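Structure first, commentary second.
Here it is, written out as structure tokens:
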């Protein structure tokens, strides 16, 4: 039975039994700051189990894509070596929210396995929580198991919790006996044996308690069922596969890798690399499809790590050139029918994977060179001023190996192999110590970030959701239901206090969907509070952040909440313009230019979208023209609330990281024919004409494959036009030239200024904007490292000056070859010097790498070499030096 048929059978079985089939959500958990990725099928239903959300159905079924690479559930290190562990997998699940409980859950599971899938009951064995007599009786009643065949295990194995506190309960796991005897000694081993005879493949969780902070278990008023069964593992069992990597979800991927390596047989030694490539290619394909791109932090860093691990495994198999796009293409072939999003995102997936793998292979090459030189006894500077200092005993210090691994992305396994080949060894304890110190720093930073969110969540716990009335009114009467100051919950706050106010009803929009929270005032009989921002926490509690400006405010008090009308109006203009801009970009650039993020504020709008190169001037002008046409047409902005699936069926655009309930708010721009349609909870104009003026003021890259444009509307746009008109008028007056002739006259002046007494040597320098577009961005600064074709040192310096003139913040390293010798120029903007960089020191090390030397001022320096072949090594070192300072 093929995996696609199993997936379909599962969902059809439960749909026929009254379950609503819920489509898989994104790997990015919407509205849940406690998770980096969706790691279980129940995550999209978390608020239902917690009683914070109500839906029209009380039983559901899904096939949810999941990723386990972080936090409590992290299988990354096991991948390749284990038969069953994967990072990306699909989880089949059926759920009950106060509907059925243990008996029905066990009946459904048993019938599905033995009737629908025709599995032999003799190979199926249940485990239960040691004190769950009810589950034991049900397994006897439904499946006919004698008590001796029902294995009772402790809380570690058979008691599931959503967290340290909250809903929890005993569970029952179903195991498959693959061999009938122990694979170690042939005995009749117990289920707890780790010999791979027993595979656990379905877990039935009976959520019946609420655990308090002191560990007390209180029965839940509404009991629930949460089951999870890995499709990959079930498919392996039904196909008689010895591992998950031998079923029809993985075999085509592994065979594709074999075609590239030329291996007829996969040896035991090479098997882990094959498995890791197959698994990681699935993970990276779905992560990119869900909007994640490689970066140095958060989810992007996890993706980068997965992708580079896969590329490194290919290196171990002898694949020295980029190959991962080929494997990802096969993933799309296999999974595209079940998950159309991977097909829709194909071009973005291919571009992101190709770019990142190319970068990593450059890192590998330079890293191997550095290690070889270091092992030979040469001291190679890794960063400014850190140097590797090999111990005389032939042991590489752990902190140095960690620096290669962490700063430069050089795999520790490859470091070990290179050391072993030369008779050296790694200080493993030192490496692990440095690695753990980094993990502690990461945990501390994450804990601090989460602590702030958890403090707000704790504050909101037990409070009813705020009733939002701000779509129809900018002021409303309300009651203060809770008040918080820096010292915690308070009965009142006085003049000067920073305060967080929770109201029973509010006209203030709480930040979300890219739109900032409203500002304004809360006025009471005894005082006023200036509100600066509003956040939504928990299950819909609005927390109004501000300061008591006059008098005092108290819990229980009746107040008047008033939104700043000018700020709201400007925000509405920018939000409606954002929708118009999104559609215009897709018209001009193609359907792949989907939204990747946004900021909608009163003073501006910022829009991120997937596109792998800068917009040309013509594309920018076309985009502006389309938006302005829609504004001039004064189209109606219509709001409709409809069931989510109905809304998605209208091809309305939706953001991958937004949380949508059963019903969605659909914002359409139309006058009969629809121009744009999006799922959106934000505030909008009633007609596009209210947007007024529109102008794009900036475009730039914010990461591989993602562009950002910033735009202004209304009076801000008019002010922008007035400022530029003033500049043009001044230039026209200064040079006594009609405005229409200014460009031509200025170009002529510039040309004369560049004329040199000697004839210019031939040169093929690229367009500066193309070089800037290829640059990396780290922490807001560009890193421009490029090889160009300059005729001489003067033209190389002029080109560097032109690049520096066009950017705000950058470290620039340009290299060329003339007279068969390499030449490099290093240029820094002032802020990069303040950040600790020194052009002269960088040039000195680059020159040394090229076999000569270099130096110069903090802002500009040059380096030279003896042989043209040394230029690539010099630029590679520049990448590493700057990576060490800017990551």
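In the working numbering, the protein residues as written are 18 to 904. Backbone N, C-alpha and C fix where the C-beta goes; we use that ideal spot for every residue, glycine too. Quick caveat: nothing in here was measured; it's all calculated off a predicted structure.
Inter-segment contact for the region 640-657 and the region 760-770 is absent: fewer than three beta-carbon pairs are separated by less than 8 Å. Residue nearest to residue 567 within the set 491, 512 and 541 is 512 (criterion: CA-CA distance). By a beta-carbon distance limit of 8 Å, residue 116 contacts residue 76. Their separation comes to about 5 Å. The alpha-carbon of residue 442 is positioned some 40 Å away from that of residue 217. As the crow flies, the alpha-carbon of residue 374 is around 18 Å from that of residue 803. Pairing residue 480 with residue 519 gives a Cβ-Cβ distance under 8 Å. Rounded to the nearest angstrom, the gap between the Cα atoms of residue 736 and residue 593 is 20 Å. Following the DSSP letters along the chain, one finds residue 103 in no alpha helix (DSSP H), marked with neither H nor E.
Counting only runs of at least 3 residues, the region 571-608 fully encloses the following beta strand (DSSP E) elements, listed from N- to C-terminal order: 575-580. In the DSSP annotation of this structure, residue 280 is not part of any alpha helix (DSSP H), being labelled neither H nor E. In terms of Cβ geometry, residue 266 and residue 508 do not form a close pair [threshold 8 Å]. Contact annotation: residue 868 and residue 860 have beta-carbon atoms that are not nearer than 8 Å.
According to DSSP, residue 660 shares a beta bridge with 680. A contact is defined here as three or more CB-CB pairs under 8 Å, and the region 788-798 fails this definition with respect to the region 873-883. Counting only the Cα atoms, residue 565 lies some 6 Å from residue 545. Under DSSP, residue 500 shares a beta bridge with 518.
Assigned with DSSP and collapsed to three states, residue 261 falls in helix. Beyond the five residues adjoining it in sequence on each side, residue 517 comes within less than 6 Å, by CB distance, of 501, 560 and 562 in the same chain, given in chain order.
Taken atom to atom, the span from the alpha-carbon of residue 179 to that of residue 230 is near 13 Å. Annotated three-state conformation of residue 71 is coil, per DSSP.
For the pair residue 124 and residue 207, the Cα-to-Cα distance works out to about 25 Å.
Between the C-alpha atoms of residue 842 and residue 882 there is a straight-line separation of about 12 Å. By the C-beta criterion, the region 699-712 is judged not to be in contact with the region 348-359, since fewer than 3 inter-stretch pairs fall below 8 Å. Under the three-state reduction of DSSP, residue 27 is assigned to helix. Taking a 10 Å sphere around the C-beta of residue 600, we find 16 or more other C-beta atoms and assign the residue as buried. Under the three-pair Cβ rule at 8 Å, the region 101-109 counts as touching the region 280-297. Measuring C-alpha to C-alpha distances from residue 670 to each of 679, 680 and 685 identifies 685 as the nearest. Remark: C-beta atoms of residue 448 and residue 482 do not approach each other more closely than 8 Å. Assigned with DSSP and collapsed to three states, residue 846 falls in coil, not helix or strand. The three-state reading of DSSP puts residue 838 in strand, counting E and B together.
In the DSSP assignment, residue 615 is bridged to 624. Of the residues 383, 530 and 805, the one whose Cα lies closest to the Cα of residue 616 is 530.
Runs of beta strand (DSSP E) with 3 or more residues, each lying fully within the region 105-169, are found at 105-114 and 141-146, listed in chain order.
The Cβ atoms of residue 109 and residue 301 do not sit closer than 8 Å to each other. Listed in chain order, the non-local C-beta contacts of residue 688 below 8 Å within the same chain comprise 650, 652 and 653, local neighbours out to five positions each way being set aside. With a cut-off of 8 Å on Cβ pairs, the region 40-60 is not in contact with the region 139-148, counting fewer than three such pairs.
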